[in-house]
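Undergrad:
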Amino acid sequence: MTRTELYKTRQNWMHDHWQYERTRFNNFDYTILDEIMTIKRPGRGHNDTYNDCIIMIDTETSKETPKKVCKNYIVAWSLSINAFNQNICTLWGQKPSELVECINTIKQHLKGDKTIIYCHNFGYDWVFLRKFFINGWGVPSQQLNVKSHYPLFINFSNGLLFRDSLILSQRSIEKWAKDMNVEHQKAVGKWDYNKVRNQSDTLSDDELDYIECDTLSGVECIRATMDALHKEVFSMPFTATGIPREDIRKAAKENNGRALFEKIAPEFYIQEMLELVFHGGFTHANRHIIGVIIDWVKTLCYDLSSSYPFQILSKKFPMGKFKPLNEVVDVKYILDQKDNYAFLFKIVLRSPKLKNDNIVMPVLQFSKCIKVINPVQDNGRIIKCDFCELELNEIDLILLDEQYDLSGGAAIYDLYYCHKDYLPRWFTDYVYKCYEDKCKLKGKDVVQYAISKAKVNSCYGMTVQKPCKPMINEDYDTGDFETQEDYDKEAMYNRYLKKYTSVLPYQWGCWVTSYAMLDVHRLGACCRYWWYSDTDSVYGAGWYKTKLKAFNRKQKALLKANGYKPVKVDGVEYCPGVAELDGEYDIFRTLGSKRYATVKDGKLKITIAGVPKKAGAKLLKNDINNFHKGYIFNFDDPEGLLDKNDKTKLQHTYFMEEDTWIDDNGNERGDSIDLSPTTYVLDDVNTMSWDDIFKEEISIQVYDYEEDTNDKRL
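Take the sequence shown: its position 681, counting from 1, is numbered 680 in numbering that gives the first Met the number 0, and each next residue is one higher.
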């Protein structure tokens with residue numbers, strides 16, 4: 000009997016003879032797990048077997064003292080198992096040592112060498128469980144952290160492999176379950192997080208429902224994702240970016256993509272320049288309206304549809320090896336050649352300043368400057384300075400030249416160039432297919448729609464993965480994390496170049512964000528009053544309809560020029576890169592980047608980095624007048640404005656112990672994190688009048704500098 004036949008036989012038997020159950024871990028008949036089969040990676044050299052099941056764990060915790068920053072401890076845990084495409088069980092307990100015991104018992108009945116266990120937001124649960132796991136299984140044999148306290152995976156030498164499903168899904172378990180339309184949903188409201196509990200307490204039916212649904216919905220989401228991607232348990236990606244990675248690598252292999260990568264991949268020093276050039280999405284607020292309530296005119300928000308995929312599909316990118324251009328050139332030379340050549344260079348500016356006060360979205364970013372003297376800033380963007388030096392490409396130079404008076408001097412150094420062309424067809428066709436699938440599946444197949452959306456969003460992400468990242472190591476004694484500084488970055492980069500799976504050069508991603516910023520500014524020029532920008536959105540008033548139509552015609556023409564067209568579904572046209580009306584608001588107010596509020600039909604909505612939208616609006620009492628500098632969001636909610644299920648801003652406090660211990664109430668204790676409501680004080684950006692900017696007395700900083708009198712570029 001083949002494995003497929005045996006699997007089908009056991010699956011049918013399980014379906015006919017086994018009924019899912021939720022039970023305390025020590026009441027479960029673990030012998031049913033003997034039926035779970037193993038699976039092996041294909042190919043030579045893969046001898047380890049994996050248990051062919053999906054397992055997820057989760058913990059619930061309690062404070063020592065309510066409404067106080069204090070040590071916490073586990074009071075309940077759940078573990079769900081899905082195998083043969085059906086839910087087997089949800090086991091639960093209350094002590095962390097019981098979870099170790101439960102996992103050990105499961106492992107005894109599973110025949111495979113390795114067992115994968117998921118945990119949603121594993122970084123949180125790991126702190127509570129780490130000492131109990133280490134006491135039971137020794138220190139991890141392998142751990143990869145994306146940053147401090149955020150493990151991507153943790154492996155133990157006994158074959159237990161822990162994964163973080165949050166990093167894979169990029170959303171809460173509640174939203175993931177809704178998006179994937181699985182049978183079980185998060186039991187919102189059935190667990191009171193303000194209640195002090197002990198591990199000896201009797202859990203209510205509501206509390207058991209809550210812990211059950213957290214992990215049961217989780218294994219169902221993973222199963223749905225696994226089936227949609229046609230993956231096995233061992234081949235599931237670790238991250239959202241990993242979802243399209245195999246498809247792209249396969250397409251590259253079939254179309255000599257690796258050969259192209261080897262031909263154009265930059266040398267190490269060019270890679271370092273590229274990382275300095277790279278910037279994220281353009282987010283900024285008009286400095287003239289900071290704190291102003293705009294209610295005399297409606298504010299419209301236009302959004303660039305799938306902006307990053309559009310850049311990939313329609314624009315020309317560096318498609319050769321960057322070579323030095325050993326000539327003295329000026330800004331005009333680069334701009335004249337920008338359609339045919341990509342340029343990478345260092346620019347040194349003397350006394351740059353905005354051309355006029357009507358330029359409200361300056362692009363010269365303070366944080367990207369290698370050196371800067373006496374900058375006058377507008378929320379992180381430079382209005383003027385005496386001197387600055389930064390790495391740039393020709394696309395960002397377009398806006399720099401349009402906005403700034405560079406008559407004080409602009410010198411180009413370390414100039415490299417290569418020819419530009421469309422990205423390879425195997426890559427753009429894949430991106431277009433993902434976009435097309437997303438459009439066609441919306442409202443029809445929720446699982447495949449969620450997968451296609453993740454794919455199209457991750458294609459860009461794959462192009463900007465830094466090839467050289469320092470290791471972040473956890474000290475298993477103290478719980479501290481330390482970033483490894485003494486690593487050979489160039490050697491690591493050379494290893495990256497030699498990997499046969501490296502097929503997407505980093506420079507493509509750099510140009511994507513540059514093109515996207517240029518598009519946002521071209522869209523912003525379509526309105527009379529530009530209030531705010533957020534990556535691919537423009538909030539403004541007095542929109543010029545003729546300009547908008549012309550902008551969209553141009554975007555479609557760019558797409559068509561590379562052989563792509565809008566997607567039509569049921570008579571509706573979807574086109575990446577075009578501006579679409581995303582919202583119309585009666586009132587608008589901003590205090591700076593990532594701080595703005597809107598009112599529509601009397602309902603307040605806010606966006607503040609780090610502040611939950613729904614709870615924040617309630618604490619403002621649905622009044623935009625309260626959205627001002629100095630307003631204190633008190634998430635402890637003394638006025639009772641919030642519902643118990645509202646997400647609040649929480650302060651994380653870590654408590655690390657020397658060892659596990661048992662308190663006076665019999666609770667097993669270890670390391671913990673306290674999550675307590677905190678306050679957030681609204682602030683705005685410093686603004687000053689245009690006249691004052693140029694009257695300001697500034698002190699000249701003196702650096703050791705030897706002037707080259709023969710250099711005519713300055």
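All C-beta atoms in this analysis are idealised placements derived from N, C-alpha and C, irrespective of residue type, glycine included.
At the level of alpha carbons, what is the spacing between V327 and I450?
TA: Here residue 327 refers to the residue found at position 328 of the sequence shown. Here residue 450 refers to the residue found at position 451 of the sequence shown. Each residue's Cα considered, the two are about 50 angstroms apart.
Undergrad: Tell me whether A490 is buried or exposed, calling it buried when 16 or more other Cβ atoms sit within 10 Å of its Cβ.
TA: The residue given as residue 490 occupies position 491 in the sequence shown. Its Cβ having fewer than 16 others within 10 Å, A490 is exposed.
Undergrad: Around the C-beta of W76, are 16 or more other C-beta atoms found within 10 angstroms, so that it is buried, or is it exposed?
TA: Residue 76 sits at position 77 when you count from the first residue of the sequence shown. The residue in question, W76, is buried, as its Cβ has 16 or more Cβ neighbours within 10 Å.
Undergrad: Rounded to a whole number of angstroms, what is the C-alpha to C-alpha distance between T224 and L440?
TA: In the sequence shown, the residue the question calls residue 224 occupies position 225. In the sequence shown, the residue the question calls residue 440 occupies position 441. Near 15 angstroms, if we compare the C-alpha coordinates of L440 and T224.
Undergrad: Please classify E572: does DSSP put it in a helix, a strand, or coil?
TA: Position 573 of the sequence shown holds residue 572. DSSP places E572 in strand when its eight states are reduced to three.
Undergrad: Consult DSSP for V218 and reduce its assignment to one of helix, strand or coil.
TA: Here the question's residue 218 lines up with position 219 in the sequence shown. Reduced to three states, the DSSP call for V218 is helix.
Undergrad: Would you mind listing the beta strand (DSSP E) stretches within the stretch 454–479 that are 3+ residues and don't spill past its ends, in chain order?
TA: With a minimum length of 3 residues, the continuous beta strand (DSSP E) runs that stay inside the stretch 454–479 are 471–473.
Undergrad: Put N162 into one of helix, strand or coil per three-state DSSP.
TA: Taking the sequence shown and counting its residues from 1, the one referred to as residue 162 is at position 163. The residue you asked about is not Asn; residue 162 is Arg in the sequence shown. R162 falls in the strand class under three-state DSSP.
Undergrad: Please give me, in chain order, every unbroken run of the beta strand (DSSP E) with length at least 3 that falls completely inside the stretch 108–143.
TA: Counting only runs of 3 or more, we get 114–118.
Undergrad: If you reduce the DSSP assignment to three classes, tell me which class H229 lands in.
TA: Translated into the one-based positions of the sequence shown, residue 229 becomes position 230. It is coil, neither helix nor strand.
Undergrad: My understanding is that S164 touches K185, with C-beta atoms under 8 angstroms, so please give their C-beta distance in whole angstroms.
TA: Here residue 164 refers to the residue found at position 165 of the sequence shown. Here residue 185 refers to the residue found at position 186 of the sequence shown. Going by Cβ atoms, the distance from S164 to K185 rounds to 13 angstroms, so no, they are not a contact pair.
Undergrad: Measure the C-alpha to C-alpha separation of F626 and W295 and round it to an integer number of angstroms.
TA: As a position in the sequence shown, residue 626 is number 627, starting the count at 1. As a position in the sequence shown, residue 295 is number 296, starting the count at 1. About 18 angstroms.
Undergrad: Could you spell out the range, first to last residue, of the alpha helix (DSSP H) harbouring I269?
TA: Counted from its first residue, the sequence shown places residue 269 at position 270. Per DSSP, I269 belongs to the alpha helix (DSSP H) from F267 to V276.
Undergrad: Excluding sequence positions up to five away, which residues of its chain have a Cβ less than 8 angstroms from the Cβ of K297?
TA: Taking the first residue of the sequence shown as 1, we reach residue 297 at position 298. Excluding sequence neighbours, K297 sits near A540, E583, Y584 and D585.
Undergrad: Just the Cα atoms here: how many angstroms apart are L160 and I53?
TA: The residue you call residue 160 lines up with position 161 of the sequence shown. The residue you call residue 53 lines up with position 54 of the sequence shown. Looking at the two C-alpha atoms, the distance is approximately 12 angstroms.
Undergrad: Please state the DSSP three-state secondary structure of R257.
TA: To locate residue 257, count along the sequence shown from 1; it is residue 258. Helix, per DSSP.
Undergrad: Determine the closest residue to T60 out of N197, I289 and K419, with distance taken between C-alpha atoms.
TA: Along the sequence shown, one-based indexing puts residue 60 at 61. Closest by alpha carbon: N197.
Undergrad: Taking the alpha helix (DSSP H) that Q310 falls in, what are its first and last residues?
TA: Position 311 of the sequence shown, counted from the first residue, corresponds to residue 310. Residues S306 to S313.
Undergrad: Look at the alpha carbon of N120 and the alpha carbon of D404, and state the distance between them as a whole number of angstroms.
TA: By 1-based counting over the sequence shown, the position of residue 120 is 121. By 1-based counting over the sequence shown, the position of residue 404 is 405. Going from the Cα of N120 to the Cα of D404 covers about 49 angstroms.
Undergrad: Just to confirm, are P575 and C433 a CB contact at a threshold of 8 angstroms?
TA: Walking along the sequence shown from the start, residue 575 turns up at place 576. Walking along the sequence shown from the start, residue 433 turns up at place 434. The answer is no: Cβ separation not under 8 angstroms.
Undergrad: Answer with buried or exposed for M235, where buried requires no fewer than 16 other C-beta atoms within 10 angstroms of its C-beta.
TA: For the purposes of this step, residue 235 is identified with residue 236 of the sequence shown, where counting begins at 1. Classification for M235: buried.
Undergrad: What residue does the alpha helix (DSSP H) around Q398 start on, and which one ends it?
TA: Your numbering for residue 398 matches position 399 in the sequence shown. Checking the sequence, you will find Leu at residue 398 rather than Gln. It spans E393 to Q402 - the alpha helix (DSSP H) in which L398 sits, taken as one unbroken run.
Undergrad: How close, in whole Å, do the beta carbons of D673 and N71 come, if the pair is a contact with beta carbons under 8 angstroms?
TA: One-based indexing of the sequence shown puts residue 673 at position 674. One-based indexing of the sequence shown puts residue 71 at position 72. That belief holds up - the Cβ atoms of D673 and N71 are roughly 5 angstroms apart, short of 8 angstroms.
Undergrad: Could you tell me whether the stretch 540–552 touches the stretch 514–526, where touching means 3 or more Cβ pairs closer than 8 angstroms?
TA: The stretch 540–552, when compared against the stretch 514–526, does touch it at the 8 angstroms Cβ threshold.
Undergrad: Near P716, what residues of its chain come up, given a Cβ to Cβ distance below 8 angstroms and the 5 sequence neighbours on each side ignored?
TA: Missing from the structure shown is residue 716; the chain here goes from 0 to 713 and no further.
Undergrad: Any idea which residues DSSP pairs K370 with across the strands?
TA: Against the sequence shown, residue 370 aligns to sequence position 371. Answer is E388.
Undergrad: In the DSSP assignment, find the unbroken beta strand (DSSP E) run with D754 in it and report its ends.
TA: Residue coverage of the chain in this structure runs from 0 to 713, which leaves residue 754 outside it and unanswerable.
Undergrad: Quick check on T482: does DSSP put it in helix, strand or coil?
TA: For the purposes of this step, residue 482 is taken as the residue at position 483 of the sequence shown. T482 falls in the strand class under three-state DSSP.
Undergrad: Of all the beta strand (DSSP E) runs that stay within the bounds of the stretch 637–694, which reach a length of 3 or more residues?
TA: If we require 3 residues or more, the beta strand (DSSP E) runs fully inside the stretch 637–694 come out as 649–654, 671–676 and 678–680.
Undergrad: I'd like the span of the alpha helix (DSSP H) that includes M13, first residue to last.
TA: To locate residue 13, count along the sequence shown from 1; it is residue 14. R2 to H16 is the extent of the alpha helix (DSSP H) around M13.
Undergrad: P323 to Y412, Cα distance in whole Å?
TA: If you number the sequence shown from 1, residue 323 lands on position 324. If you number the sequence shown from 1, residue 412 lands on position 413. Approximately 10 angstroms, taken between the alpha carbons.
Undergrad: Nearest CA to the CA of W190: which residue from I661, I292, K643 and N664?
TA: For this step, residue 190 is matched to residue 191 along the sequence shown. Here the closest residue by C-alpha is K643.
Undergrad: May I have the straight-line CA-CA distance separating F493 from F267, to the nearest angstrom?
TA: One-based indexing of the sequence shown puts residue 493 at position 494. One-based indexing of the sequence shown puts residue 267 at position 268. Inspection of the sequence shows that residue 493 is occupied by Asn rather than by Phe. The alpha-carbon atoms of N493 and F267 are separated by roughly 8 angstroms.
Undergrad: When you compare only the Cα positions, how much space is there between K315 and V511?
TA: Stepping through the sequence shown from its first residue, residue 315 is reached at position 316. Stepping through the sequence shown from its first residue, residue 511 is reached at position 512. Their backbone Cα atoms lie some 10 angstroms apart in a straight line.
Undergrad: Distance, Cα to Cα, S203 vs P65?
TA: Start at 1 with the first residue of the sequence shown, and residue 203 comes out as number 204. Start at 1 with the first residue of the sequence shown, and residue 65 comes out as number 66. Roughly 20 angstroms between the two C-alpha positions.
Undergrad: Quick check on the DSSP output: the beta strand (DSSP E) that includes N26 runs from which residue to which?
TA: Locating residue 26 in the sequence shown gives position 27, where the first residue counts as 1. Run containing N26: none; DSSP gives neither H nor E here.
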